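Structure first, commentary second.
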Amino acid sequence: MTDATLFPTIGAVAEQTDSLQEPPDTGSAVDGDEDKAVEEIESLCMKCHEQGVTRMLLTSIPYFREVIVMSFRCEHCGWTNNEVQAASTIRPEGTVYTARILNRSDLDRQIVRSPTCEVYLAEYELTLPPSSRGQLTTVEGLLRDVVTDLSMDQPLRRIQDPAGYDKIEELIGKLKEIVIDDDEEATEPLSATKKAELPMPAFTIRLNDPAGNSWIEFIGSMADPKWNMRTYSRSLQDNITLGLVAPEDQPELAVVKEEEVEEALEGRENEEIFVFKGTCSSCGHPLDTLMKKVTIPYFQDVLIMSTNCDRCGYRDNEVKSGAAISEKGKRIILKVEDREDLSRDILKSETAGLEIPEIDLVLQQGTLGGRFTTVEGILEQIYEELSEKVFKAGDSADDDGRSAFEIFLGKLKGVKEANEPFTLILDDPLANSYVQNLYAPDPDPNMVIELYDRTWQQNEELGLNDIKVEGYEEKQEEKVES
1 MTDATLFPTI GAVAEQTDSL QEPPDTGSAV DGDEDKAVEE IESLCMKCHE QGVTRMLLTS
61 IPYFREVIVM SFRCEHCGWT NNEVQAASTI RPEGTVYTAR ILNRSDLDRQ IVRSPTCEVY
121 LAEYELTLPP SSRGQLTTVE GLLRDVVTDL SMDQPLRRIQ DPAGYDKIEE LIGKLKEIVI
181 DDDEEATEPL SATKKAELPM PAFTIRLNDP AGNSWIEFIG SMADPKWNMR TYSRSLQDNI
241 TLGLVAPEDQ PELAVVKEEE VEEALEGREN EEIFVFKGTC SSCGHPLDTL MKKVTIPYFQ
301 DVLIMSTNCD RCGYRDNEVK SGAAISEKGK RIILKVEDRE DLSRDILKSE TAGLEIPEID
361 LVLQQGTLGG RFTTVEGILE QIYEELSEKV FKAGDSADDD GRSAFEIFLG KLKGVKEANE
421 PFTLILDDPL ANSYVQNLYA PDPDPNMVIE LYDRTWQQNE ELGLNDIKVE GYEEKQEEKV
481 ES
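To convert, note that position 192 of the sequence shown is 192 in the UniProt record's numbering; the numbers rise steadily by one, no gaps.
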């Protein structure tokens, strides 16, 4: 992890600034510079070409990561500019953050937008492409910037492109229903309470960042029902855009003839390991993905895939079901009483959700992907994922929320060490998840397995409502006859 002395939190910087005293006239200027919480660098102003000052702060965002905040100001022409850059490494996978903005309190959610991030507002069909600089703001601040940028060229657009002017003016009007224009409300200023009570249209904001360096704040915990995060493997074009792969280093796609496949598989029906040629999602170089079919006793066949890149060290493991889609969903309830239960094998499919009621831990379906490990192993993965997002201090998050999250992590650490009994619930609509029965083939007294009928919404999310396996031949014959 990054040294806390190099990237102190904003709260620590504020305390350091308050504690600084005016240096005496006889003191050394060098000593004064060393004590400054914010670095100041003379920079050229690109507006008037005089010397301005850039203030640079190395700090951390609660529940996110280290960033560099830069602020430029020119005393000659008054030009100002602010920018935020990610100080940590590019993540192995891209991230997509989605938040439903239902009321005005959601407009205060903090946003970290990196230069590689694309912002999409679904209800307004508005896409903000990657920009040349990063941004640290809120949802409301982002919308205000959009309104300002769109309004800038409207007078000229009104003459040159009347049709485009009307469309953009309509969009600006819709966005102004969300963000209250302070100029319009100057005659009758509204209190913060009255502003919060004003109605506003709900909308969805999505941040898609191939570098994984963008973020939307969640409220309370990661179980926030209006907040969602997922990761994805970058494409080769994404790696080229990020500068991870040079265009001339693009690997040529292998062309495999059908005869070569049949020849390779001839006489090898009983072999278990298969090799697939692919491209590393981290560096873009060729690699091999190994796949093995494994039979889990008293369960079903699963496919375990392992990827290891020799060039950059990227590693990934994934588990997928090798059986047909189950007619019913499955809910596994395990009572963990001691460390022996932590050694149970567990298969969490990519469609399964995980819950521990004793500590209010809820992982939505798809979180962590497919995993074949032990109970202790999956709890360790969850702890590592969440602990990376905790910051020791900082004023970007309220003290109550920060302390509550730290208390939650303490409870999670106690759970993964089995200090106290707890309940582990795996809910899988496709029934492709599994927890080892230590008493097999007899029933396990500490484990309950429930089968249930999937709801229409669950089938819709899984794409099962559009699958027709019976009677489709009749409709095809009717079309031919007509």
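Ideal Cβ placement from N, Cα and C applies to all residues, glycine included.
As the structure is a prediction and not an experimental result, all values here were calculated from the model.
- prompt: Touching or not, the stretch 401-410 and the stretch 223-241, by the rule of three or more beta carbon pairs under 8 Å?
  reply: Touching, no.
task: Output the distance between the C-alpha atoms of Arg-234 and Ser-282, rounded to the nearest integer angstrom.
output: So the alpha carbons of these two residues sit roughly 7 Å apart.
- prompt: What is the DSSP secondary structure of Phe-274, counted as helix, strand or coil?
  reply: Here Phe-274 sits in strand by DSSP.
- prompt: Thinking C-beta only, is Arg-109 closer than 8 Å to Ala-99?
  reply: Yes, these two residues count as a Cβ contact at 8 Å.
- request: Flag this pair as yes or no: are the beta carbons of Tyr-232 and Glu-450 separated by less than 8 Å?
  value: Contact: no.
message: Counting C-beta neighbours from all protein chains within 10 Å, is the total for Met-46 16 or more, i.e. buried, or is it exposed?
response: Per the 10 Å Cβ criterion, exposed.
message: Cutting at 7 Å between CB atoms, please list the residues of its own chain near Phe-274, excluding the five before and the five after it.
response: The residues are Met-291.
- prompt: Under three-state DSSP, which class holds Ile-180?
  reply: Ile-180: coil per DSSP, three-state reduction.
query: In terms of residues, what are the limits of the beta strand (DSSP E) holding Asn-419?
result: Taken as a continuous stretch (DSSP letters only), Asn-419 belongs to no beta strand (DSSP E), as it is neither H nor E.
For Glu-350 and Thr-295, the rounded distance between their alpha carbons: Each residue's Cα considered, the two are about 18 Å apart.
field: Whole-angstrom distance between Val-435 and Ile-382, CA atom to CA atom
entry: Spanning the two alpha carbons is a distance of roughly 17 Å.
task: Report the residue from Met-229, Asn-82, Ser-433 whose alpha carbon sits nearest the alpha carbon of Ser-321.
output: The candidate whose alpha carbon is nearest that of Ser-321 is Ser-433.
- request: Count the other CB atoms, across all protein chains shown, that sit within 10 Å of the CB of Glu-66; report buried if there are 16 or more and exposed otherwise.
  value: Buried, because 16 or more other Cβ atoms sit within 10 Å of the Cβ of Glu-66.
field: Extent of the continuous beta strand (DSSP E) run through Gln-457
entry: It is not in any beta strand (DSSP E) - Gln-457 instead sits in the alpha helix (DSSP H) that spans 456-461.
- prompt: How is the beta strand (DSSP E) around Ser-321 delimited, first residue to last?
  reply: First-last of the beta strand (DSSP E) with Ser-321: 315-321.
- prompt: For the putative contact between Ile-111 and Val-139, defined by C-beta atoms under 8 Å, what is the C-beta separation to the nearest angstrom?
  reply: Val-139 and Ile-111 do touch by the CB rule: their CB atoms are close to 6 Å apart, below 8 Å.
Three-state secondary structure assigned by DSSP to Leu-464: Of the three classes helix, strand and coil, the one that applies to Leu-464 here is coil, per DSSP.
task: Buried or exposed for Ile-216, please, with buried defined as at least 16 other CB atoms from any protein chain shown within 10 angstroms of its CB.
output: Burial call: buried.
- prompt: Residue range of the beta strand (DSSP E) that Glu-452 falls in?
  reply: Sequence check: residue 452 is Tyr here, not Glu. For Tyr-452, the uninterrupted beta strand (DSSP E) run begins and ends at 447-452, by DSSP.
- request: Report the three-state DSSP secondary structure of Glu-269 (helix, strand or coil).
  value: Per-residue confidence for Glu-269 stands at a pLDDT of 48, beneath the threshold of 50, marking its modelled position as unreliable; no derived number is given.
- prompt: Over what stretch of residues does the alpha helix (DSSP H) that includes Glu-66 continue unbroken?
  reply: That residue, Glu-66, is in no alpha helix (DSSP H); its beta strand (DSSP E) goes 66-73.
query: Is the CB-CB distance between Leu-424 and Leu-334 below 8 Å?
result: A contact, by the Cβ cut-off of 8 Å.
field: Candidates Ser-60, Val-84, Arg-55, Ile-90: closest to Cys-74 by CA position
entry: It is Arg-55 whose Cα lies nearest to the Cα of Cys-74.
- prompt: To the nearest angstrom, how far is it from the Cα of Asp-288 to the Cα of Ile-378?
  reply: Cα to Cα, Asp-288 sits roughly 25 Å from Ile-378.
Spatial distance of Glu-340 from Phe-372 (CA atoms): Our two residues, Glu-340 and Phe-372, have alpha carbons roughly 18 Å apart in a direct line.
Assumed close pair Pro-130, Thr-116 - CB separation to whole angstroms, cut-off 8 Å: About 5 Å separates the two Cβ atoms, so the contact holds.
- prompt: For Val-96 versus Arg-230, is the C-beta distance shorter than 8 Å?
  reply: Contact: yes.
message: Do Leu-430 and Leu-386 count as a contact pair if the criterion is CB distance below 8 Å?
response: The answer is no: Cβ separation not under 8 Å.
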